[in-house]
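Novice:
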Amino acid sequence: VVSQQEALDWGFSGVMVRGSGMAWDLRRSQPYEVYSELDFDIPVGKNGDCYDRYLIRMEEMRQSLRIMKQCIEMMPGGPVRSDDGKIVPPSRAEMKRSMEALIHHFKLYTEGYHVPEGEVYAAVEAPKGEFGVFLVSDGGNKPYKCKIRAPGYAHLQAMDHLCKGHMLADVAAILGSIDIVFGEVDR
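For what it's worth, the numbering used here labels the leading residue of the sequence shown as -3, then goes sequentially.
(1) May I have the straight-line CA-CA distance separating SER133 from GLU115, to the nearest angstrom?
(2) Find out if the Cβ-Cβ distance for the pair ASP37, GLN59 is shorter than 8 Å.
(3) Residues in its own chain within less than 6 Å of GLY7 by CB, not counting five upstream and five downstream?
(4) From the DSSP output, read off the bridge partner residues of ALA122.
(5) In the DSSP assignment, the alpha helix (DSSP H) including LYS65 goes from what residue to what residue?
(6) If you reduce the DSSP assignment to three classes, tell me which class TYR28 lands in.
(7) Going by DSSP, what residues sit across from VAL116 in a beta bridge?
(8) Can you find at least 3 beta carbon pairs, one from the stretch 102 to 111 and one from the stretch 81 to 94, that sit closer than 8 Å?
(9) Are three or more beta carbon pairs between the stretch 137 to 144 and the stretch 163 to 177 nearer than 8 Å?
(10) With a threshold of 6 Å on Cβ separation, who are the neighbours of VAL(-2) within its own chain once the five nearest residues in sequence on each side are excluded?
(11) Only counting the same chain, and skipping five residues up and downstream in sequence, which positions put a Cβ closer than 8 Å to that of GLU90?
(12) Let me check understanding here. Comparing Cα to Cα, which of PRO147, ALA154, MET155 lies closest to GLY179?
(13) Where do the N-terminal and C-terminal ends of the alpha helix (DSSP H) with ARG210 fall, by residue?
(14) For LEU152, which residues of its own chain have a beta-carbon under 6 Å away from its beta-carbon, when the five flanking residues on both sides are left out?
(15) Under the assumption that VAL120 contacts PHE130 (Cβ atoms under 8 Å), give the Cβ distance between them as a whole number of angstroms.
(16) What is the DSSP secondary structure of ILE83, counted as helix, strand or coil?
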């Protein structure tokens, strides 16, 4: 069982926070893309236990379907790809006809895309919680620094705390309810 205060203290996000009774979802609290125009519910638990987290995940799948249906209805017709050869590679057919397209393809894949100097943090509400990326650019074609905040890392660090006082057989249910993917938490 995870209380609201424990969820905040451990830096939880996603289902781990909502399972403890807090209606925190980045798509609502800090809307990005078209989320401010969509109608969806944020499922919230009452007890902060494994079963609440399971129920929330089931309801989140229903809400995801609701979101996708609205997005399909809102999606305008037309091309879905930019024609700017400096950021999007040209088609194979175009490269066979145009030397300029071939040069754009070569430059894009050898030099990459140059990002202006500066830093940015962007986060999205991923299925497991807040997934954030902090990027620092020196103006080149490679990031000077890139830090990824995967939600599972904060959740896994609390595993010892969550399992205290439980039987060994409960560990599988607890681990499953926090939904760890070990590739995500490998540093």
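Using N, Cα and C, we set each Cβ at its ideal position, and we do this for glycine too.
Specialist: Taking the geometry as given:
(1) By 1-based counting over the sequence shown, the position of residue 133 is 137. By 1-based counting over the sequence shown, the position of residue 115 is 119. In a straight line, the C-alpha of SER133 is about 6 Å away from that of GLU115.
(2) Here residue 37 refers to the residue found at position 41 when the sequence shown is read from its first residue. Here residue 59 refers to the residue found at position 63 when the sequence shown is read from its first residue. For ASP37 and GLN59, yes; Cβs fall inside 8 Å.
(3) By one-based count along the sequence shown, residue 7 stands at place 11. Result list for GLY7: ALA150, in chain order.
(4) In the sequence shown, the residue the question calls residue 122 occupies position 126. Paired residues: GLY125.
(5) The sequence position of residue 65 within the sequence shown is 69, counting from 1. Run containing LYS65: 46 to 70, per the alpha helix (DSSP H) assignment.
(6) The count along the sequence shown starts at 1 and reaches residue 28 at position 32. The DSSP-derived three-state label of TYR28 is coil.
(7) The sequence position of residue 116 within the sequence shown is 120, counting from 1. Paired residues: LEU131.
(8) yes
(9) no
(10) Position 2 of the sequence shown holds residue -2. These residues qualify, in order along the chain: SER16, GLY44.
(11) In the sequence shown, residue 90 corresponds to position 94, counting from 1. These residues qualify, in order along the chain: ALA97.
(12) Residue numbering aside, residue 179 sits at position 183 when the sequence shown is read from its first letter. Among PRO147, ALA154, MET155, the Cα nearest to that of GLY179 is on PRO147.
(13) Lying before the first or after the last residue shown, residue 210 is absent from the chain, which here runs from -3 to 183.
(14) Within the sequence shown, residue 152 is the residue found at index 156, counting from 1. Excluding residues within five positions, the ones whose Cβ falls inside 6 Å are ILE176, VAL181.
(15) Numbered from its first residue, the sequence shown carries residue 120 at position 124. Numbered from its first residue, the sequence shown carries residue 130 at position 134. Going by Cβ atoms, the distance from VAL120 to PHE130 rounds to 13 Å, so no, they are not a contact pair.
(16) Counting from 1 along the sequence shown, the entry for residue 83 is found at position 87. Coil at ILE83, not helix or strand.
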